[in-house]
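In my numbering, the protein residues as written are 4 to 149.
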């Protein structure tokens, strides 16, 4: 009997702790993103965070392949840090900084700066917008180097 009361007390105590953590969750979720994912502040649109101009994005999207371009491979890309401006891709497929482009499975492409990276590949906010991708999409792209 006494053991049952002890177990019941422990169970009720743990249930109370989980209720507290659930109440704290929305506040924590608003300020902390999963590792490798950017936190975009409340009330800030992608357009407000992206400092590239519409003309720059259009020019990058209109860039055609050049002779001598080589495919580095395919990668699933996540949205990179909105604080890092410009049109770029970071990937372990890239071994040295350079110029290139990324092409989506649908055939949309954009000229980007190639940046070496480690872990998951990421694509800049401006490149996501130029390709017409949703900010929560995880598209597979082929990365080309010039």
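We treat Cβ as the ideally placed atom computed from N, Cα and C, and that holds for glycine.
From the options, residue whose alpha carbon lies closest to that of residue i
{"i": "residue 68", "options": "120, 103 and 95", "result": "103"}
{"i": "residue 111", "options": "60, 49, 50 and 123", "result": "60"}
{"i": "residue 63", "options": "137, 140, 94 and 132", "result": "132"}
{"i": "residue 99", "options": "48, 75 and 66", "result": "75"}
{"i": "residue 66", "options": "130, 138 and 93", "result": "130"}
{"i": "residue 116", "options": "134, 140 and 93", "result": "93"}
{"i": "residue 120", "options": "55, 95, 54 and 58", "result": "95"}
Beta-carbon spacing of residue i, residue j below 8 angstroms
{"i": "residue 91", "j": "residue 52", "result": "no"}
{"i": "residue 81", "j": "residue 109", "result": "no"}
{"i": "residue 105", "j": "residue 113", "result": "yes"}
{"i": "residue 134", "j": "residue 107", "result": "yes"}
Buried/exposed call for residue i, threshold 16 Cβ in 10 Å
{"i": "residue 86", "result": "exposed"}
{"i": "residue 50", "result": "exposed"}
{"i": "residue 83", "result": "buried"}
{"i": "residue 127", "result": "buried"}
Cβ shell of residue i (< 8 angstroms), same chain only, five flanking positions each side left out
{"i": "residue 77", "result": "143, 144, 145 and 146"}
{"i": "residue 57", "result": "none"}
Neighbourhood of residue i by C-beta, 7 angstroms cutoff - its chain only, sequence neighbours within 5 removed
{"i": "residue 136", "result": "142"}
Beta-bridge pairing of residue i - partner residues as DSSP gives them
{"i": "residue 103", "result": "115 and 148"}
{"i": "residue 92", "result": "117 and 126"}
{"i": "residue 82", "result": "126"}
{"i": "residue 76", "result": "146"}
Same chain, Cβ closer than 6 angstroms to residue i, neighbours up to 5 away in sequence not counted
{"i": "residue 149", "result": "69, 72, 102 and 103"}
{"i": "residue 150", "result": "Look at the range of the chain in this structure, 4 to 149, and you will see that residue 150 is not part of it."}
{"i": "residue 79", "result": "141 and 143"}
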